[in-house]
Amino acid sequence: MATGRGVRRLATISDVASMAGVGEATVSRVLNGSTLVREATRQRVQAAIDELDYRPSPIARSLSGGRAMTLGVIAPFFVRPSSVERLQGAEARFTDAGYDTVLYNVSTPDQRREQFANVARGRADGILVISVPPLRREMERLLGSRIPMVLLDLRHPGLPHVYTDDVEGGRLATGHLLELGHRRIGFVGDFGDNAYGFTSSAHRCAGFKEAMRRAALEVPTAYVKEGEHSRSVAMELASELLGLAEPPTAIFAASDTQAFGVLEAAVRAGVEVPGRLSVIGFDDIEMAAYTGLTTVRQPLRYSGARGARLLLDLAEGTPPAQQVSEKLQLDLIVRRTTASPPN
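Quick note: the sequence shown, position 250, residue 267 per the numbering used here, numbers continuous.
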């Protein structure tokens, strides 16, 4: 905003309110993403914000609202593509609303305990927990702190949560392979019993076994391989499957990262994909499209953004009228790594 001397000064919330013909409180509600503002008014305020290039001061907002203007995110292994994409969706929403994001990475069991304790002691206005189920004592501590909290890729009867049905996803992936005519289908996933309490791989495996059972097909114990979550470990597990006297003609991997390991094992073994082996993953991370991987898509970035929106509402005193348990849709994405089995 220019002054009479041609020197640009920063626009204030009062300038925005004056241009939009509303009160400063209404501008504040728009900035905070409140659902209490009519759409026409919101658009008018947003137009004034854009015209004046207004940027709210986090310090001023903190002093005026009694909030730290900081939101925390607890998530596992920020190097995991699925965690990164969820985080990107959440952080974009937080930034748009004028909040800073504090990241609490969980990469070891000890770090998990430390991070939940740090969150309970911290000054964040709210916490988004992604994929790491709090233990009972951790949950009690968090609930006792009265910090607004939303769960993502998790479920809890007393907290707002956004999730996908991993058992359903396992059935969907396996059903695709069955429809193509495969009968010998293997599974590569994470350890079902792990120190973090992760359940997604185990639930996807349960869906796989359920689909096979419905098709009256037995799953040999040797066809189910579990290990640490990584591309390299998945490659080793898939190599074991391909080395069997009667190897599977298709492999369902519990994640796209693990599916890439399966594909690498096939290349090393000289097994053509999809001519001799079909491979399907889970997540539909960005790299899946580049590699032509058939997969089950879960809306990673959208889920992050949706969880962030729920948390912003809680942090700003506009909680939902009723408990939120939002199930997101899974979609089968067919690309180049699945086909009918060889004759």
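A virtual CB, placed ideally from N, CA and C, is assigned to each residue, including glycine.
| task | Per DSSP, which residues does Tyr121 bridge with? Please list them. | result | Ile91
| task | Report the option in Leu345, Thr266, Leu53 whose CA atom is closest to the CA atom of Pro358. | result | Thr266
| said: Here's a check: name, in chain order, each residue in its chain whose Cβ is nearer than 6 angstroms to the Cβ of Gly334, leaving out the five neighbours to either side. | reply: none
| request: Indicate whether at least one CB of chain B lies closer than 8 angstroms to the CB of Leu258. | output: This model lacks chain B altogether; it includes just one protein chain.
| said: Less than 8 angstroms between the C-beta atoms of Ala364 and Val54, yes or no? | reply: Examination of residue 364 is not possible in this model, given that the chain is present from 18 through 360 alone.
| Rounded to the nearest angstrom, how far is the Cβ of Leu317 from that of Gly106, given a contact under 8 angstroms? | 7 angstroms
| query | Should Val291 and Thr191 be called a contact, given that it needs their Cβ atoms to be closer than 8 angstroms? | reply | Correcting the residue type first, residue 291 is Pro in the shown sequence and not Val. Not closer than 8 angstroms, so no.
| request: Please work out which residues of its chain come closer than 7 angstroms, Cβ to Cβ, to Ala137, disregarding the five sequence neighbours upstream and downstream, and give them in chain order. | output: Arg158, Leu159, Ser162
| request: Check Ala28 in the structure and name its three-state DSSP category. | output: coil
| task | Taking only runs that begin and end inside the segment 193-255, name each unbroken beta strand (DSSP E) of 3 or more residues, in chain order. | result | 202-207, 241-244
| query | Can you give the Cα-Cα distance for Arg130 and Val341, rounded to whole angstroms? | reply | 27 angstroms
| said: Quick check: Leu171 and Tyr180, are their CB atoms within less than 8 angstroms of each other? | reply: yes
| Taking the Cβ atom as the reference point for each residue, do Ala239 and Ser256 lie within a distance shorter than 8 angstroms? | no
| Where Leu347 and Arg314 are concerned, what is the direct C-alpha to C-alpha distance, given to the nearest angstrom? | 6 angstroms
| message | For Asp142 and Ile91, what's the separation of their Cα atoms in angstroms? | response | 14 angstroms
| Mind checking whether Pro93 and Ile302 have CB atoms under 8 angstroms apart? | no
| Within this structure, are the beta carbons of Ala270 and Gly298 separated by less than 8 angstroms? | yes
| task | With DSSP as the reference, please indicate the residues paired to His178 in a beta bridge. | result | Leu168, Ser342
| said: Looking at the secondary structure, which residues open and close the beta strand (DSSP E) in which Val146 lies? | reply: 144-147
| query | Does DSSP put Gly115 in a helix, a strand or coil? | reply | coil
| For Ile297, which beta-bridge partners are listed by DSSP? | Phe269, Thr311
| Could you give the distance in angstroms between the alpha-carbon of Leu120 and the alpha-carbon of Gly89? | 6 angstroms
| query | Between the C-alpha atoms of Pro151 and Asp127, what's the straight-line distance to the nearest angstrom? | reply | 13 angstroms
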